[in-house]
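> Numbering (the working numbering), first residue to last: 3 to 239.
Heads up, the beta-carbon is just placed ideally off N, CA and C, and yes, glycines get one too.
Encoded as structure tokens, here's the structure I'll be asking about.
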Ligand code: CA
């Protein structure tokens, strides 16, 4: 018998906690749920779950503290469960080491997709450093990292060096959101001007080159106030 994937839910809102627990159990996940930060940290170290769903507003602790403490010793995927109004918090959570976030209210499909993506990324980083460089493929877009080739529906697309760097970072993290700051840091370095204008200008050019309809992007999505998310690589398994 294969081992079930284990999920730790740290969430004090009972209705959301119950929804996530039932949904995940019915899809064959092993679920542990706790309702405050202290129990969360204890369960994290004692059960070593495959993935953590974390509410930031806990009764005894800021969820941000849990992310920081956990990142000192573990790369367990952490998905923040947040309210729609908490853009700044989402960004901070991602920047201190959360893997992704999901915004309340969310549906079953979205919850399951986020969990699968987070686990895949973590496995890929851990077991498969060679495959980290294999081509990206999704919905007609191919990126060959070794040859620095970008192909859309069979046609080569010419990107500037900066545009290519942005696209390849997003592709290597496909399915996951990348914050504006993390992109800017990785493309222009830590001393880059921290306004997002230059990134937005580049993104507009990238979309003009990659997307059939830049107003309704199919490959690179905007997560308002947070960053960008690229369509998940189909060859991830
Ligand atoms: Ca809460």
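Can you check DSSP and say which residues form a bridge with residue 172?
According to DSSP, residue 172 bridges with nothing at all.
> DSSP three-state call for residue 146: helix, strand or coil?
Three-state DSSP puts residue 146 in a strand.
> Roughly how many angstroms lie between the CA atoms of residue 124 and residue 79, to the nearest whole one?
Cα to Cα, the separation comes out at about 7 Å.
> Please determine whether the Cβ atom of residue 60 lies at a distance below 7 Å from any heavy atom of ligand 1.
Checking every heavy atom of ligand 1 against the Cβ of residue 60, one is found closer than 7 Å.
> In the DSSP output, which residue or residues are listed as bridge partners for residue 103?
The partner list for residue 103 (beta bridge, DSSP) reads 82.
> Is residue 15 near ligand 1, going by C-beta to nearest heavy atom under 7 Å?
Checking every heavy atom of ligand 1 against the Cβ of residue 15, one is found closer than 7 Å.
> For a quick check, are the C-beta atoms of residue 178 and residue 101 less than 8 Å apart?
Yes.
> Does the count of Cβ pairs from the segment 102-113 and the segment 82-91 closer than 8 Å reach three?
Result yes; three or more Cβ-Cβ pairs closer than 8 Å.
> Quick one: measure Cβ to Cβ for residue 208 and residue 186, integer angstroms, because I've assumed they're closer than 8 Å.
That belief does not hold up - the Cβ atoms of residue 208 and residue 186 are roughly 15 Å apart, past 8 Å.
> Following the continuous alpha helix (DSSP H) through residue 98, name the residue where it begins and the one where it ends.
Taken as a continuous stretch (DSSP letters only), residue 98 belongs to no alpha helix (DSSP H), as it is neither H nor E.
> Here's a check: name, in chain order, each residue in its chain whose Cβ is nearer than 7 Å to the Cβ of residue 170, leaving out the five neighbours to either side.
Hits under 7 Å: 145 and 147.
> For the beta strand (DSSP E) containing residue 140, list its first residue and its last residue.
Run containing residue 140: 138-140, per the beta strand (DSSP E) assignment.
> Going by C-alpha distance, which of 176, 199 and 194 is nearest residue 230?
Of 176, 199 and 194, the residue nearest in Cα terms is 176.
> Quick one: what's got a C-beta closer than 7 Å to residue 239's C-beta in the same chain, skipping five residues either side?
Low confidence applies here, because residue 239 scores a pLDDT of 49, under 50, leaving its location unreliable; read the following figure in that light. None.
> Could you give the first and the last residue of the continuous beta strand (DSSP E) run that contains residue 8?
Its beta strand (DSSP E) spans residues 8-12.
> I need the DSSP call for residue 35, collapsed to helix, strand or coil.
Of the three classes helix, strand and coil, the one that applies to residue 35 here is strand, per DSSP.
> Would you report the Cα separation of residue 97 and residue 172, rounded to the nearest angstrom?
Roughly 16 Å between the two C-alpha positions.
> For residue 304, count neighbouring C-beta atoms within 10 Å of its own C-beta (all shown protein chains included) and say buried if the count is 16 or more, exposed if not.
The structure shown does not extend to residue 304, since the chain spans only 3 to 239, so no value can be given for it.
> Pick out whichever of 155, 141 and 160 has its Cα sitting closest to the Cα of residue 149.
Closest option to residue 149, Cα to Cα, is 160.
> Do we get a CB-CB distance below 8 Å when we pair residue 11 with the residues of chain B?
In the structure shown, chain B does not exist; there is a single protein chain.
> Across the segment 10-23 and the segment 50-57, are there enough close Cβ pairs to call them in contact, namely three or more that are closer than 8 Å?
Yes: the two stretches touch, three or more of their Cβ pairs being nearer than 8 Å.
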